[in-house]
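Undergrad: What follows is a structure written as structure tokens; I'll ask about it next.
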Amino acid sequence: MKSSLFFLLASSALPYAVFSAPFGYNQVNGVTQLIGSSFGVLGRDATFDYVVVGGGTAGLTVAERLAEDPAISVAVIEAGSFYEIDNGNYSQIPVDDAFYAGSSSSQIQPLIDWGIVTEPQSPLGGREIFYAQGKCLGGSSGRNYLDYTRGTNGSYQQWADAVGDQSFTFSNLLPYFKKSIHFTPPDTAKRSAGTAADTTVSYDPSAFSPSGGPLQLSYVNYFQPFSQYIERAFTALGLREIPGFNSGQLIGWSEFTVTRDPKAATRSSSESSFLQQAINTSTIQVYHQTMAKRILFSANKTAIGVTVNTANVPYTLSARKEVILAAGAFRSPQMLMVSGVGPEATLNSLNIPVVSNLQGVGQNMWDQPWFPLTYRTNVTTLQQLSNPAYLAQATEEYLTNQTGPLDSPAGNIVGWEKLPTSLRSQLDNSTLSDLAQFPADWPEVELLTVGASTIPVNDTGDYITISTGLLTITSRGNVTINSTDTNDNPIVSPNWLQTKTDQQLAIQAFKRLRQVAAATGIAEQEYSPGPAVQTDVQILEFIQNALSPLHHASVTCAMGQSSDPNAVIDSNFKVFGVQGLRVVDASAFALLPPGNPQSTVYMLAEKLADDIKHGK
């Protein structure tokens, strides 16, 4: 029987009733009560101070912060619904973090995902790749791999310089990073139970605030057995342990912090944190299972509302103050274009009246792809979750103590680095020149490890995956439309490995993965691609067939200065050429920092809410 990480995760699902009630419910003296006042009246025109398009990572965060003022009314439009209901435990248990997130279209879960498949990618031999994007309350914070890391000092300084606003340096952004996060230190007793491995974690308490929240951030209680060998390998190869990834530095190795509620050992998302808080403390109105169709503009180009559709019933949600677009890296540029904001040629081709001719809408897409190498090992891994007896024991551990294999994402330990000199010397001068454009503290590769195979295997043995994310990508993708209907997916082309620089970086990163594997002492046999792959030509061919998204698409509604032809919004998130419209999500990035983008998305939402409250 063939098994992979995705099969194993399917096997590990627990009964849905294990978990607490989802959004819209409250427990009062043991009685479940529906909170109906939190839902907008579907199908009826209504007016609010702010209309937020997209109930995802940024949308729910900014909506909750604005709704803290009882004098302010806020509506949130979300095409999806509650991932706890529509996807059950697959969206909640840490070990299931990668489920329905593969690159094959067979991984599409239509109740929680948009089902976007890329255009044929010529640098990858014409492959069409499923690109997971959350369509649910919580958005991709309800779909991601839970990892939370912040970018580097140098990356945010480059951002600040690009937009001409020094409020975007890391030191100035740190209060907004801290504001969202309620951090819980590692539970040393649970982590050390049943293992002789050193499970201590080095972290920087000053990266967090005691008053932060409501998003939960913690360390998992299960330290996978293979992780200790990864730590030794990284150290042997010259990487040093650093105190976590949330203080403006990444180069080195440490353990991921994850968006996880430490009490229940389940996913913490913008829905389970910010939205739950909002429904208990404000009059926020949520329009779920509702598709935003078009932003409406007055004669003086001021956004005045959004036309929406619920169950084929059209109606309008009007905005007294502003419309805030938070539909994600693909849907935000789509919404702008169908509303008349975008490249004039694209709009004219679809007979869309031009409100603001912005050439950068949907262009200059940054992303960070990854590829894996798979090894047989003699160490027990998550591969054993396909064994019913092992799964039963793991389930008992999880339900009883919130520990064991089910309380672990795919891997614990990650490393970040510039390529070492021995591999860097194999890059040509033009590639070295391209890489020199990135700050000194910006790692070129992320070294990711997984306690299972991420590809199908033919036996019941144990496997580990040693993989890399490419962080200094110079290829740029794009998002466009061929329809005026938002029910139709936008056209997405990431263009991974389009440049020689990216190809050379990928080849040397592949070689680095083999060095890591050899240094672990437990990678007994390379299952994929296998030892026959040796030359640079063979390595590149393998990478072209194995490359997948890390789902870090960004910069498609780029922040920048008015003189920048790619800029769509200014440093106050305001769309150029119109009034009363802002964008806040990964599309609004000026660049894609190294690290995991959800941290930056939450931070931007906090900053935007603060800007609005201060009249900016």
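Residue numbers for the sequence shown, in mature numbering (1 follows the signal peptide of the UniProt record, and there is no 0): -20 to -1, 1 to 596.
We put the CB at the ideal spot given by N, CA and C, even for glycine.
Locate the alpha helix (DSSP H) running through D178, then write down its first and last residues.
TA: D178 -> no alpha helix (DSSP H), and no H or E assigned at all.
Undergrad: Measuring only the C-alpha atoms, how far is S17 from K491?
TA: If you take the alpha carbons of S17 and K491, they lie about 57 Å apart.
Undergrad: Can you name, in chain order, every residue of its own chain whose Cβ lies under 6 Å from the Cβ of F150, other than the five neighbours on each side?
TA: Contacts found: N133, Y136, G228.
Undergrad: Quick one: is D93 buried, meaning 16 or more other Cβ sit within 10 Å of its Cβ, or exposed?
TA: The residue is buried, with at least 16 neighbouring Cβ atoms inside 10 Å.
Undergrad: So, helix, strand or coil for A585, using DSSP?
TA: helix
Undergrad: What are the boundary residues of the alpha helix (DSSP H) that includes V496?
TA: Counting along the chain, the alpha helix (DSSP H) containing V496 begins and ends at 480 to 500.
Undergrad: What does a CB cutoff of less than 7 Å around Y582 pick up in its chain, not counting 5 residues either side in sequence?
TA: Excluding sequence neighbours, Y582 sits near T37, T41, S160, L195.
Undergrad: Quick one: residues in its chain with C-beta nearer than 6 Å to the C-beta of I453, no 5 flanking neighbours on either side, listed in chain order?
TA: D482
Undergrad: Rounded to whole angstroms, what's the CA-CA distance from K593 to L46? Just pull it up for me.
TA: 8 Å
Undergrad: Which residue's Cα is closest to the Cα of F206: G431, V563, R240?
TA: Nearest of G431, V563, R240 to F206, Cα basis: G431.
Undergrad: Pick from D565, S551, G595, V564: whose alpha carbon is nearest that of G141?
TA: According to the sequence provided, residue 141 is Asp. The question's Gly does not apply to it. Here the closest residue by C-alpha is S551.
Undergrad: What residue does the alpha helix (DSSP H) around T380 start on, and which one ends it?
TA: 368 to 381
Undergrad: Straight-line CA distance for G340 to E506?
TA: 44 Å
Undergrad: Determine the burial state of N69: buried for a count of at least 16 other Cβ atoms within 10 Å of its Cβ, exposed for fewer.
TA: buried
Undergrad: Expressed to the nearest angstrom, what Euclidean distance is found between the alpha-carbon atoms of F110 and P349?
TA: When the Cα atoms are used, F110 and P349 turn out to be separated by approximately 13 Å.
Undergrad: Does the segment 376 to 396 touch the segment 220 to 236, meaning 3 or more C-beta pairs lie closer than 8 Å?
TA: yes
Undergrad: Which word fits residue 599, buried or exposed, when buried means at least 16 other C-beta atoms lie within 10 angstroms of its C-beta?
TA: The shown model of the chain, from -20 to 596, leaves out residue 599, and the question about it has no answer.
Undergrad: With DSSP run on the structure shown, which of helix, strand or coil describes Y183?
TA: coil
Undergrad: What does DSSP give as the partner residue(s) for L272 in the beta ladder?
TA: Just to set this straight, residue 272 is Ala in the shown sequence, not Leu. Answer is V288.
Undergrad: Rounded to the nearest angstrom, how far is the Cβ of L403 from that of Q488, given a contact under 8 Å?
TA: Sure, about 4 Å apart at Cβ, within 8 Å.
Undergrad: Among the residues of its own chain, which have a CB less than 7 Å from the CB of L588, if the five just before and after it don't count?
TA: V42, F553, R562, V564
Undergrad: Which first and last residues belong to the beta strand (DSSP E) in which T357 is found?
TA: 349 to 357
Undergrad: Determine the contact status of A81 and K115, defining contact as a CB-CB distance below 9 Å.
TA: no
Undergrad: To which residues of the same chain is T383 closer than 6 Å at the C-beta, ignoring the five residues directly before and after it?
TA: Counting only residues of its own chain and dropping the five nearest sequence neighbours on each side, T383 has a CB closer than 6 Å to the CB of K170, N201, Y202, E377.
Undergrad: Decide if V143 is buried, meaning its Cβ has at least 16 other Cβ atoms within 10 Å, or exposed.
TA: For V143, the number of other beta carbons within 10 angstroms of its own is at least 16, and it is reported as buried.
Undergrad: Less than 9 Å separating the beta-carbons of L527 and A486?
TA: yes
Undergrad: Taking a contact to mean a Cβ-Cβ separation below 9 Å, would you say L386 touches T401 in this structure?
TA: no
Undergrad: For P509, which three-state DSSP category applies?
TA: coil
Undergrad: Run through DSSP, which three-state label would N458 get?
TA: strand
Undergrad: Starting from the Cα of R107, find the closest Cα among Q518, T246, P474 and give me that residue.
TA: Just measuring C-alpha positions, the residue of Q518, T246, P474 sitting nearest R107 is P474.
Undergrad: Helix, strand or coil: which one does DSSP assign to W139?
TA: helix
Undergrad: Fully enclosed by the segment 408 to 454, which alpha helix (DSSP H) runs are 4 residues long or longer?
TA: 409 to 415
Undergrad: Can you tell me which of Q363, Q101, G174, G449 puts its alpha carbon nearest to the alpha carbon of N438?
TA: Q363
Undergrad: Assign L330 to one of two classes, buried (16 or more other C-beta atoms within 10 Å of its C-beta) or exposed (fewer than that).
TA: exposed
Undergrad: Note the first and the last residue of the continuous beta strand (DSSP E) segment covering S147.
TA: In the DSSP assignment, S147 falls outside any beta strand (DSSP E) and carries neither an H nor an E.
Undergrad: Determine the contact status of A309 and M271, defining contact as a CB-CB distance below 9 Å.
TA: no
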